[in-house]
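Numbering (our numbering), first residue to last: 560 to 869.
C-beta atoms are modelled at their ideal positions from N, C-alpha and C, and glycine is treated no differently.
Since the structure is predicted, the reported quantities are computational estimates derived from the model, not experimental observations.
Below, the structure is given as structure tokens:
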């Protein structure tokens, strides 16, 4: 391994950062892939978790961000080959490589990729995929850099697998600070529900609640999430999708008036009483809400959330 010394130091710093994130495995995945992108010049990154016979995009950045939450069959994919062989794979051009799911590559917008396994104990649990928009040869230690970061992430994932059969998935889909679903699970559900709405010519609503400029926000996240959930119907999903932002998938969205009415109730619930260390007036000023409706406002998950942001 002949990785330049300055990149080795950056990898060590990144590994220390990952350890510091501890049980927040969603943050671990995001940080590992972000540092891999930074150190290799990739156009994006994905961490794909093996779940039954599918792989789920649990972390996605750059050109792959719009695919966060995507669930795809593991069979007949290069990621599946990496999971089975437990060996890294390089694809210099997805248009000429018969090992890849070409349609999926086109959907993401990638032409070249490096895929490395995340191995915990005896199991390959996930892969990290670095992607580029153009075909390319690999000669800058891309696979080695990705593997070193993936190994640290896998070690942290292994701790969760040792605690119980469902602990890993819970830590990858739950936001511990608020007690709600996290960004990854939100987009997974939004992708699935959008597909169902598209198939049935139905509607789907998204609401976003943002609390700006509150210094003690972290201590109030659980209270805020409970207030949002009070105004949710069966089948709705609340998730923390950003530092100061919650997203809500609204099932009852046949008309925009239904969505805006529910959003109004959510806003009143959030701001209707003070929070510890936050005055009523400060909370009202900090709370901003917005909503969007499929298909009128947007047709994919990322754009639907962007359209809802206040």
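Here the region 698–712 does not lie against the region 747–757, with fewer than 3 beta-carbon pairs under 8 Å apart. Distance from the CA of residue 738 to the CA of residue 849, rounded to the nearest whole angstrom, comes to 22 Å. Of 630, 801, 757, the smallest CA-CA separation from residue 740 is found for 801. Under the DSSP definition of a beta bridge, residue 866 lacks any partner. Closest in C-alpha terms to residue 851, from the list 828, 831, 820, 815, comes 815. If you draw a 10 Å sphere on the C-beta of residue 823, you find fewer than 16 other C-beta atoms in it, and that means exposed.
Residues of the same chain with a CB within less than 7 Å of the CB of residue 789, apart from the 5 flanking positions on each side, are 828 in chain order. The residue from 681, 654, 684 with its alpha-carbon nearest to that of residue 671 is 654. Taking the CA atoms as reference points, residue 794 sits about 47 Å from residue 568. Residue 765 holds the alpha-carbon nearest to the alpha-carbon of residue 855 among 717, 765, 599, 783. Per the DSSP secondary-structure output, residue 848 pairs in a beta bridge with 768. A straight-line Cα-Cα distance of about 11 Å links residue 755 and residue 810. When DSSP reads this structure, residue 687 sits in a beta bridge with 606, 675. Distance from the CA atom of residue 847 to the CA atom of residue 864, rounded to whole angstroms, is 14 Å. Residues 585, 617, 618, 627, 628, 731, 732 of the same chain have their beta carbon placed closer than 7 Å to that of residue 743, with the five preceding and five following residues left out of the count.
Secondary structure at residue 664: helix, using DSSP grouped into helix, strand and coil. Secondary structure of residue 726 (DSSP, three-state): helix.
Shown here, residue 829 sits in a helix according to DSSP, grouped into three states. Following the DSSP letters along the chain, one finds residue 697 in no beta strand (DSSP E), marked with neither H nor E. For residue 649, the CB contacts under 6 Å within the same chain, skipping 5 residues up- and downstream, are 673, 697 in chain order.
Straight through space, the alpha carbons of residue 647 and residue 603 are spaced by roughly 17 Å. In this structure, DSSP gives residue 799 an extended state, which the three-state scheme calls strand.
Residue 601 carries a coil assignment under DSSP once its states are collapsed to helix, strand and coil. Between the region 589–607 and the region 707–720 there are three or more inter-stretch CB-CB distances shorter than 8 Å, so the stretches are counted as touching.
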